[in-house]
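Notes follow once the structure below has been shown.
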Amino acid sequence: MKKTVLITGATSGIGYEFSKIFMENNYDVILVGRNLEKLMELEDFSKKKCVRAYIYKFDLSLSENIDLLYKKIKTEVGKVDILINNAGIGFNGEFNEIDWQKQLDIINVNIISLTKLTKLILKDMINEKEGKILNVASTGAYQPGPLISVYYASKAYVLSFSQALREEVKDRGINVVTLCPGATKTNFSKRAGKGDLDVAMSAEEVAECGYKTLMNNKAICIPGIMNKVLVFLSKVSPTTLNAKIVKKIQNKAISKK
1 MKKTVLITGA
11 TSGIGYEFSK
21 IFMENNYDVI
31 LVGRNLEKLM
41 ELEDFSKKKC
51 VRAYIYKFDL
61 SLSENIDLLY
71 KKIKTEVGKV
81 DILINNAGIG
91 FNGEFNEIDW
101 QKQLDIINVN
111 IISLTKLTKL
121 ILKDMINEKE
131 GKILNVASTG
141 AYQPGPLISV
151 YYASKAYVLS
161 FSQALREEVK
171 DRGINVVTLC
181 PGATKTNFSK
191 RAGKGDLDVA
201 MSAEEVAECG
211 YKTLMNNKAI
221 CIPGIMNKVL
231 VFLSKVSPTT
241 LNAKIVKKIQ
251 NKAISKK
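With the first letter of the sequence shown counted as 1, position 155 gets the number 155 in my numbering; the numbers rise by one all the way through.
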């Protein structure tokens, strides 16, 4: 029997690549996103791979949609073997100048929806005594983020939450992985109001790293040598220095819009 993976933020970037990777590896998929055209495109791809794709168009910034999504999955699909919490949004600029609703949406999508969906799916995994969860954080989780402060803070939450949860459930047959990509060539950069950095990796490369880490039951994936070096340096450098460096990088990214 095929295993089933639930992927949020499936219609672009890393989530889109995750969707294809799992289908290519004979998984049925539950795909959640806001772009119906892209969801249908992935559904067509599933037919070519002889797997089943269940598509759900949902806005995960609305907490009530998480409960509705979960109920639909339980009724229409059943068991979720793997959860990929990929949905995420961000906007950059000075904190006091960004619209409050945009900042609230970051918190609702990156933190609230991820946590709530994890709680609902995890209960079923614990009952089954098996399961895998991958939460997408960021290299930004390791440092403060001037000009992108709420987004970086939300990813710091994801990293801390995921590492703690991994320790809680590792003896129950459940593996929790954190994926921490750096700059990635996705539509996210456009939505965040910044241009792609020269060192950006492809979404496919990032998703491949996450998939391999998940299958090998490792704790964390930081794709690319450069990103690993940057994370190491952020751990040994003063926080104030890290903040200055990030601010400079963000200014450069914004200038490329």
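No residue lacks a Cβ here, since even glycine has one placed at the ideal position from N, Cα and C.
C-alpha of ASP59 to C-alpha of ASN187: approximately 17 Å in a straight line.
The beta carbons of TYR27 and LYS3 sit closer together than 7 Å.
Judged by beta-carbon spacing, SER234 lies within the 7 Å limit of ASN242, meaning their Cβ atoms are closer than that value.
Going by C-alpha positions, ALA137 is about 16 Å away from GLU205. Three or more Cβ pairs closer than 8 Å define a contact, and the stretch 35–51 falls short of that threshold against the stretch 96–106. The C-beta of ASN92 has 16 or more other C-beta atoms within 10 Å across all chains shown, which makes the residue buried.
Within the stretch 14–64, the beta strand (DSSP E) runs of at least 3 residues that lie entirely inside it are, in chain order, 28–33, 53–57.
Across the structure, ASN25 and VAL5 are spaced so that their CA atoms are roughly 11 Å apart.
Between LYS132 and ASN85, the CB-CB gap reaches or exceeds 7 Å. Relative to TYR142, the option among THR178, GLY33, LEU42, GLU41 whose CA is nearest is THR178.
In terms of CA proximity to PRO181, GLY13 leads the group PHE22, GLY13, LYS38.
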